[in-house]
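Per our numbering, the sequence shown starts with residue 1376, numbered consecutively. Even glycine gets a Cβ: it sits at the ideal position worked out from N, Cα and C. These numbers come from a predicted model, not from an experiment. Below is one structure, written out as structure tokens; the observations come after it.
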Amino acid sequence: MNPPEPQLPRYFILELTRNCNNRCRYCYTSWNAPDLYRDPGNAADMSTAEIKDLIARLHEEVPFEVLGISGGEPWTRPDLPELLRFVSRRGITPIVITNGTLITPELAKGVAEVQSLYQITLLSHRREVHDYLAGRRGARDQALAGITNLRTCGIKPVVVFVATKQNYMDLSKTAELALAFGATAFSYNRINLGACNIRLADELLPTPDMLRENLETLEALKLKYGVPIAISVVIEPCIVDTRKFPSLQLGGCPLAGEGSYFTIDPAGNLRVCNHSPTILGNLRKEHFTDIYYHHPYVQRFREVWPDECRDCDAELKAICHGGCRAAAEQCYGTLQHVDPFVTLSRTTVNSRV
């Protein structure tokens, strides 16, 4: 008997533009690795009208509920407020994934009536650390101003912390700073490695002990403030036993199924997630359901396990689903290699023995 077909996803990500005013050292966007990411049409960013048409046709085909809007930096496009209103009028909740630095009081007022959510990255309470990781002086103060401008207009942002070796020790104070500036939820993700940032792994990738310390801090923050905390980038339990942190909801790969977030790039190309480098087709020309149910890469993404994980404990496999397959593909060229976080973490541990 064949397994049942997966339910259609309820969440998509639209990468609105490749343009960004920051140069984050940890950035893993696959288009930053041109030998890896090959747009078959080499197309420019879609126009406002083309984006609206794509969203409308996709929504008629798939009744999805949430659209994450990212980049690059989505606020570099002046049509973002117009697109937010368009998406909201269709009954879709837009989530703007942003560095926050371009959100002026006027822009915040202009989108205040739109039922949107905002995720703003805050990398450290220390100005010099945030700015170093963001690749630009002044980035931290501008991000805090963006959070303030949203809150002044009644918009409640979520603050996102990307953990690296350079800032993991700042987690508690950064979270408290975010709450003081009006954040109502907190998102924590370890750096995810890709083809363009793996060269900085020695500098940026936190050790298992650092992540374990951060998870303890997150449990304490949740207990103290009652703030919702999301952790979406997988932390493989064979490296850090995440079962010791039962109050935290830790993410794993949804395996291109119902909980997945297929990603549309600025030219309309579809990928299995925002970390994957593999283009499956173009939604301006093809139907999503044809790709979702019949594309051989999607089927393989769901079924293949990293060779190193095949004999792993069943309980651990159920937690992490084999780690981040897209990171493995970016860094090692195959879905069958284990997540580079696992490989490099074990190398670090073994070098100390």
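- Check the Cα spacing between residue 1543 and each of 1504, 1722, 1397, 1717: the tightest is with 1504.
- In this structure, 1630 is the residue among 1630, 1668, 1393 with its C-alpha nearest to the C-alpha of residue 1693.
- The C-alpha of residue 1566 is placed about 29 Å away from the C-alpha of residue 1670.
- Taking C-beta separations shorter than 6 Å and ignoring five residues to either side along the sequence, the partners of residue 1444 in its chain run 1389, 1391, 1469, 1471, following chain order.
- The alpha helix (DSSP H) runs of length 4 or more contained entirely in the segment 1411 to 1486 are, from start to end of the chain, 1423 to 1436, 1455 to 1464, 1480 to 1485.
- Under the 10 Å beta carbon count, residue 1598 is surrounded by fewer than 16 other beta carbons and is classified as exposed.
- Remark: C-beta atoms of residue 1607 and residue 1545 do not approach each other more closely than 8 Å.
- Contact between residue 1702 and residue 1568 is confirmed by a C-beta separation of about 5 Å, below the 8 Å threshold.
- Taking C-beta atoms under 8 Å as the contact rule, residue 1632 and residue 1609 fail to qualify, at a distance of about 15 Å.
- Per DSSP, residue 1614 lies in no alpha helix (DSSP H) segment and is marked neither H nor E.
- Excluding sequence positions up to five before and after residue 1383, its CB lies within less than 6 Å of the CB of 1437, all in the same chain and listed in chain order.
- Partner residues in the beta bridge of residue 1494, as assigned by DSSP, are 1472, 1533.
- With a contact defined as Cβ atoms closer than 8 Å, residue 1659 and residue 1429 qualify at about 6 Å.
- Taking the C-beta atoms as reference points, residue 1394 is found no nearer than 8 Å to residue 1473.
- In this structure, residue 1492 lies away from residue 1518, with their beta-carbon atoms at least 8 Å apart.
- For residue 1661, there is no enclosing beta strand (DSSP E), since its DSSP letter is neither H nor E.
- Fully contained in the segment 1556 to 1600 are the following alpha helix (DSSP H) runs of length 4 or more, in chain order: 1576 to 1579, 1583 to 1600.
- With 16 or more other Cβ atoms from the protein chains shown falling within 10 Å of its own Cβ, residue 1641 counts as buried.
- For residue 1522, the secondary structure class from DSSP, reduced to helix, strand or coil, is helix.
- In summary, residue 1714 is buried, with 16 or more beta-carbon neighbours lying within 10 Å of its beta-carbon over all protein chains present.
- Rounded to the nearest angstrom, the gap between the Cα atoms of residue 1652 and residue 1523 is 35 Å.
- Going by DSSP, residue 1691 is part of the alpha helix (DSSP H) stretching over 1689 to 1695.
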